[in-house]
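So the protein sequences, as listed, match chains A and B.
For the first sequence, position 2 matches number 2 in this note's numbering, and the numbering has no gaps at all.
To convert, count from 1 in the second sequence and add 441; that's this note's numbering.
2 protein chains.
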Amino acid sequence: MKGHTDIRDLASSEGKEVLVRGWLYAKRESGKIRFLVVRDGTGYLQVVAFAKEVSPEVFAACGTVGQESSLEVRGIIRREPRAPGGFEMGLKELRILHSAVDYPLTPKEHGPEFLLDHRHLWLRSSRPHALLRIRNEICQGVRDFFYDRGFVLIDSPMFTPAACEGTSTLFETDYFGEKAYLTQSGQLYLEPACMAFGKVYCFGPTFRAEKSKTRRHLTEFWMVEPEVAFAELPEILELAEDLVCSLVARALDRNREDLKVLERDTSRLEKISKPFHRMTYDEAAKILEDPAIRARSDAQGAPPFTPGGDFGGFDETVLTENLDRPAMVTHYPTDIKAFYMQPDPANPSRALCVDVLAPEGYGEIIGGSQRIHDHDLLLARIREHQLPEEAFKWYLEIRKYGTVPHGGFGMGVERVVSWLGGVKHLREAIPYPRMLHRLYP
Amino acid sequence: MKGHTDIRDLASSEGKEVLVRGWLYAKRESGKIRFLVVRDGTGYLQVVAFAKEVSPEVFAACGTVGQESSLEVRGIIRREPRAPGGFEMGLKELRILHSAVDYPLTPKEHGPEFLLDHRHLWLRSSRPHALLRIRNEICQGVRDFFYDRGFVLIDSPMFTPAACEGTSTLFETDYFGEKAYLTQSGQLYLEPACMAFGKVYCFGPTFRAEKSKTRRHLTEFWMVEPEVAFAELPEILELAEDLVCSLVARALDRNREDLKVLERDTSRLEKISKPFHRMTYDEAAKILEDPAIRARSDAQGAPPFTPGGDFGGFDETVLTENLDRPAMVTHYPTDIKAFYMQPDPANPSRALCVDVLAPEGYGEIIGGSQRIHDHDLLLARIREHQLPEEAFKWYLEIRKYGTVPHGGFGMGVERVVSWLGGVKHLREAIPYPRMLHRLYP
Numbered sequence: 001m002k003g004h005t006d007i008r009d010l011a012s013s014e015g016k017e018v019l020v021r022g023w024l025y026a027k028r029e030s031g032k033i034r035f036l037v038v039r040d041g042t043g044y045l046q047v048v049a050f051a052k053e054v055s056p057e058v059f060a061a062c063g064t065v066g067q068e069s070s071l072e073v074r075g076i077i078r079r080e081p082r083a084p085g086g087f088e089m090g091l092k093e094l095r096i097l098h099s100a101v102d103y104p105l106t107p108k109e110h111g112p113e114f115l116l117d118h119r120h121l122w123l124r125s126s127r128p129h130a131l132l133r134i135r136n137e138i139c140q141g142v143r144d145f146f147y148d149r150g151f152v153l154i155d156s157p158m159f160t161p162a163a164c165e166g167t168s169t170l171f172e173t174d175y176f177g178e179k180a181y182l183t184q185s186g187q188l189y190l191e192p193a194c195m196a197f198g199k200v201y202c203f204g205p206t207f208r209a210e211k212s213k214t215r216r217h218l219t220e221f222w223m224v225e226p227e228v229a230f231a232e233l234p235e236i237l238e239l240a241e242d243l244v245c246s247l248v249a250r251a252l253d254r255n256r257e258d259l260k261v262l263e264r265d266t267s268r269l270e271k272i273s274k275p276f277h278r279m280t281y282d283e284a285a286k287i288l289e290d291p292a293i294r295a296r297s298d299a300q301g302a303p304p305f306t307p308g309g310d311f312g313g314f315d316e317t318v319l320t321e322n323l324d325r326p327a328m329v330t331h332y333p334t335d336i337k338a339f340y341m342q343p344d345p346a347n348p349s350r351a352l353c354v355d356v357l358a359p360e361g362y363g364e365i366i367g368g369s370q371r372i373h374d375h376d377l378l379l380a381r382i383r384e385h386q387l388p389e390e391a392f393k394w395y396l397e398i399r400k401y402g403t404v405p406h407g408g409f410g411m412g413v414e415r416v417v418s419w420l421g422g423v424k425h426l427r428e429a430i431p432y433p434r435m436l437h438r439l440y441p
Numbered sequence: 442m443k444g445h446t447d448i449r450d451l452a453s454s455e456g457k458e459v460l461v462r463g464w465l466y467a468k469r470e471s472g473k474i475r476f477l478v479v480r481d482g483t484g485y486l487q488v489v490a491f492a493k494e495v496s497p498e499v500f501a502a503c504g505t506v507g508q509e510s511s512l513e514v515r516g517i518i519r520r521e522p523r524a525p526g527g528f529e530m531g532l533k534e535l536r537i538l539h540s541a542v543d544y545p546l547t548p549k550e551h552g553p554e555f556l557l558d559h560r561h562l563w564l565r566s567s568r569p570h571a572l573l574r575i576r577n578e579i580c581q582g583v584r585d586f587f588y589d590r591g592f593v594l595i596d597s598p599m600f601t602p603a604a605c606e607g608t609s610t611l612f613e614t615d616y617f618g619e620k621a622y623l624t625q626s627g628q629l630y631l632e633p634a635c636m637a638f639g640k641v642y643c644f645g646p647t648f649r650a651e652k653s654k655t656r657r658h659l660t661e662f663w664m665v666e667p668e669v670a671f672a673e674l675p676e677i678l679e680l681a682e683d684l685v686c687s688l689v690a691r692a693l694d695r696n697r698e699d700l701k702v703l704e705r706d707t708s709r710l711e712k713i714s715k716p717f718h719r720m721t722y723d724e725a726a727k728i729l730e731d732p733a734i735r736a737r738s739d740a741q742g743a744p745p746f747t748p749g750g751d752f753g754g755f756d757e758t759v760l761t762e763n764l765d766r767p768a769m770v771t772h773y774p775t776d777i778k779a780f781y782m783q784p785d786p787a788n789p790s791r792a793l794c795v796d797v798l799a800p801e802g803y804g805e806i807i808g809g810s811q812r813i814h815d816h817d818l819l820l821a822r823i824r825e826h827q828l829p830e831e832a833f834k835w836y837l838e839i840r841k842y843g844t845v846p847h848g849g850f851g852m853g854v855e856r857v858v859s860w861l862g863g864v865k866h867l868r869e870a871i872p873y874p875r876m877l878h879r880l881y882p
């Protein structure tokens, strides 16, 4: 038996005899008929064995072969609307390549810790499969979006020399006798690059040593960060909108089957379009200070919103729950945001920054800003924040030689994937999640 | 002055007045004419100022404006075959946005340490610019190649729990009280994934804590690794060939200008096509054992080739120097290769593996193999290598449930970029190189 066909390509083989190779996903029987569901990574195929059409050995094997055995099946492809993919195979020959006994992940419900301990096998199940196929599209979608717009990929370093904003959430390593820290953002390295290439982006792993156990935290996650020379806040907002819209459209276009497996309400995603809702921090704060909202927050035991402070999960949910599109909250108080954010010239207590909040309570997916491009203002901010001036020497130099306004943002890929896939926990949106108590497999 | 035009798009503006914004790359004068070369990240534009066509202030500014000042120039675009890009601008208006004084990187020669210390500015120079644009194409080319062939991106973790092959070249970090190590390869994590998705790849940073100062080593570099279920060695060779050919063709197609800046002999690249030269390790060893080669090795002070041992830089050069296409060396001795490589059933002292050597002495760009898919053989090899069995429990499990032959390879992106760009040192092929004594900027 030579020359196999991928299950996703079977439509063109209707009426023909083909060979499919893969693994046994499920089986059932009904009298003289036995059904095998075979998966090969590209799809699922229902294989039908009639007692009178195959050898007694093959028919017997169809009854005894274990879940996740690897096998080759040969037979005729025919249309069958009730089968997954719309086609099934009438079995002629079966070859079991490797027999699996007592596969640990049975169709019954397993707890999340058990599943995460078996992530190397759990990847074969339909939900992780669907979600990681969405991740695949989103990652390629991000790359295509920036490549097509002339952005140059500038991979930022993973090892950084200085603990720029305190060491409390940094992973540290011994770097040949020096201390090095794992990156939390490539932004500082992109700013010089955008002065060289105009428009740049990085897209790689980032690290946070947070002792947090919430569903919104991973210690290792992938972030895409564009940075654009001459861009001011309005252009950054537009870039963020365009990126998110293109990714939603791509998933709706290319992940229909995956979204169905995840039982995602795609009507919610179909409403995502430009322009997103825009509100300032002060407008958002007014909503959150409403007594009715306060009462709800108290009733749910959520930490109450403090005027001038950052938003919590409850606050983000309140701000987006009645919206069908993401909300872009701009102009946060300068003193709760990073030192490099450009203060609004019209009101320096507010920063030219944006957080993009996904609808349906999925929370922040993007954070960005215009950066301070004036050397002396940036130096003053570094001193105010009591940051190590020497470590920022090279960063300050970008403001000494032909400085221009510029800005960008960071988007957490797992947050977007979990929003699009409709899963609440980020750990499902990355192949091998790393969390406070999770470093295996 | 609103609405700017990117320099790369100027061809469609011939005869029109446009605004270009960017930085002063160079200037010169000749009597009543002053020339500015402006760069904006998308290209270089020659701007010509005639004393009688601009105001005395603008003409004076054209003489005094410092290198890397940021500016806006407005004027008419006209064809000029001698100018970079084939067009120049007749200047009407000049606006200096930020005046740069004493830019450190002057057109004179600087030493590599000085340049690396100023990497944040050096990115603006023409060579790094060209090389990183090639990197941009190669990275997108890799993504497109695998995406278009139905591979699913499976980002492998950066944090790994066990020091699988000894700790001597691993970076270690404290992971909430446990020890974690930075990844050297995603392969072990891709093998389970290819059993779920059929064809997968990862493409991310990898780390080697090698105290090596050669031009061929970085402590942090990007590697792409495909892994394919059901694939045996011949299929892996073909995939490697196809990938390399597609990347060479892409660079030749889309990086013509960059290759010219680097003065790359593109006729050498144009010869790269399938099939690559194939030789076994034993055939290669025979070449290296030739007395004339030995004499050359001795004369150059290169470490002599030891039969049964691995190849050194001199050996790789010898094997490829007369070839116009890459060489694929297969069937290395099993005992000098990794524990997971499938022994050749016809001769178990040799492994079903491949190293791809680039021509012109650029050395190894790809290493790959078929993997052991038999559980008991893999277990025996783990024990022979005295590896911690417990740490490989999950990896062994992949051989317990529907195991199938599979294989893949790893390709170092900086090695490919430096080969294509014709630069000898990997440090130029990554935006912010990290080496033994280099963690800044």
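Beta carbons: idealized from backbone N, C-alpha and C, even for Gly.
Taking C-beta pairs closer than 7 Å, name the residues in chain B that residue i reaches, listed in chain order.
i	result
residue 136 of chain A	593 and 594
What would DSSP say about residue i, mapped onto helix, strand or coil?
i	result
residue 1 of chain A	A caution first: residue 1 of chain A carries a pLDDT of 40, below 50, which makes its placement in the model unreliable, though a value can still be read off. If DSSP states are grouped into helix, strand and coil, residue 1 of chain A belongs with coil.
residue 179 of chain A	strand
residue 844 of chain B	coil
residue 415 of chain A	helix
residue 667 of chain B	strand
residue 474 of chain B	strand
residue 256 of chain A	helix
residue 17 of chain A	strand
residue 466 of chain B	strand
residue 286 of chain A	helix
residue 799 of chain B	strand
residue 46 of chain A	strand
residue 646 of chain B	strand
residue 428 of chain A	helix
Count the other C-beta atoms from every protein chain shown that fall within 10 angstroms of the C-beta of residue i, then say buried if there are 16 or more, exposed otherwise.
i	result
residue 368 of chain A	buried
residue 831 of chain B	exposed
residue 270 of chain A	exposed
residue 827 of chain B	exposed
residue 883 of chain B	Past the edges of chain B, shown from 442 to 882, lies residue 883 of chain B, and the structure says nothing about it.
residue 130 of chain A	buried
residue 955 of chain B	For residue 955 of chain B there is no data in the structure shown, the boundaries of chain B being 442 and 882.
What residues from chain A crowd round residue i, counting only those whose CB sits closer than 8 Å?
i	result
residue 871 of chain B	155
residue 670 of chain B	41
Taking only beta-carbon atoms, is residue i less than 8 Å away from chain B?
i	result
residue 262 of chain A	no
residue 1 of chain A	Any reading at residue 1 of chain A needs caution, since the residue's pLDDT is 40, under 50, leaving its predicted position unreliable; the model's value is listed next. It does not: the Cβ of residue 1 of chain A has no partner Cβ on chain B nearer than 8 Å.
residue 187 of chain A	no
residue 84 of chain A	no
residue 178 of chain A	yes
Interface residues of chain B around residue i at Cβ under 9 Å?
i	result
residue 223 of chain A	Under the 9 Å cutoff, chain B gives no residues; its nearest Cβ is about 12 Å from residue 223 of chain A.
residue 199 of chain A	482 and 483
Is the Cβ of residue i closer than 8 Å to any Cβ of chain A?
i	result
residue 613 of chain B	yes
residue 652 of chain B	yes
residue 530 of chain B	no
residue 886 of chain B	Since the first residue of chain B shown is 442 and the last is 882, residue 886 of chain B is not available in this structure.
residue 616 of chain B	yes
Any heavy atom of the ligand PLP closer than 7 Å to the Cβ of residue i?
i	result
residue 234 of chain A	As far as ligands go, the structure on display features none, and thus does not contain the ligand PLP.
Under 9 Å between beta-carbons, which chain A residues line up against residue i? List them in chain order, please.
i	result
residue 835 of chain B	117, 118, 119, 120, 121, 440 and 441
Please list the partners that residue i has in chain B, where partner means a Cβ-to-Cβ separation under 8 Å.
i	result
residue 140 of chain A	584, 588 and 594
Q | Contiguous beta strand (DSSP E) assignments of at least 3 residues, all confined to the stretch 559-609 of chain B | A | none
Q: Quick one: which unbroken beta strand (DSSP E) runs of 3-plus residues sit fully inside the stretch 57-105 of chain A? Chain order, please.
A: 70-79 and 87-98
Q | Segments of 3+ residues assigned as beta strand (DSSP E) that fall wholly inside the stretch 804-847 of chain B | A | 804-812
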